[in-house]
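Visitor: Numbering (this note's numbering), first residue to last: -13 to 101. No residue lacks a Cβ here, since even glycine has one placed at the ideal position from N, Cα and C. Before we start, here is the structure in question, set down as structure tokens.
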């Protein structure tokens, strides 16, 4: 669940897609920019990536992460929400694996009773 400005919560759900360039992408459309850094932390701690400095603008935030030959971009923009996108073929399977991991974490979080 994610807090919103109105005080309500939104259940976050991700979906896999293929980008125009043929790369795998995992998108969480309703997530805001504050989910980018937790996703980067997952990439670093659970999947062995190294992150680079973020690039940000008024309505976008991107962090490139590399592991061996695999490169991913974790980001948010006001059109897509949060996403993990493979930048090369080496990253496609990892994007899928990371998306599955995040889905599992979100489903565990949403099934916890509220205190």
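1. Helix, strand or coil: which one does DSSP assign to residue 31?
2. Within the same chain, show all residues whose beta-carbon is closer than 6 Å to that of residue 6, passing over the 5 residues directly before and after it, in chain order.
3. Here's a check: name, in chain order, each residue in its chain whose Cβ is nearer than 6 Å to the Cβ of residue 64, leaving out the five neighbours to either side.
4. Classify residue 8 as helix, strand or coil using the three-state DSSP reduction.
5. For residue 92, which residues from the same chain have a beta carbon less than 6 Å from its beta carbon, with the 5 sequence-adjacent residues on both sides left out?
6. Judging by CA-CA distance, which residue of 43, 37, 31 is the nearest neighbour of residue 19?
7. Take residue 51 and list the residues in its own chain whose beta-carbon comes closer than 8 Å to its own, dropping the five residues that flank it on each side.
8. So the candidates are 76, 83, 41; which of them puts its Cα closest to the Cα of residue 53?
9. Locate the beta strand (DSSP E) running through residue 76, then write down its first and last residues.
10. Quick check: residue 9 and residue 88, are their CB atoms within less than 9 Å of each other?
Guide: On the basis of the data shown:
1. helix
2. none
3. 45
4. coil
5. -2
6. 43
7. 26, 29, 30, 35, 36, 37, 38, 57, 58, 59, 60
8. 76
9. Unbroken run through residue 76: none, as it is neither H nor E.
10. no
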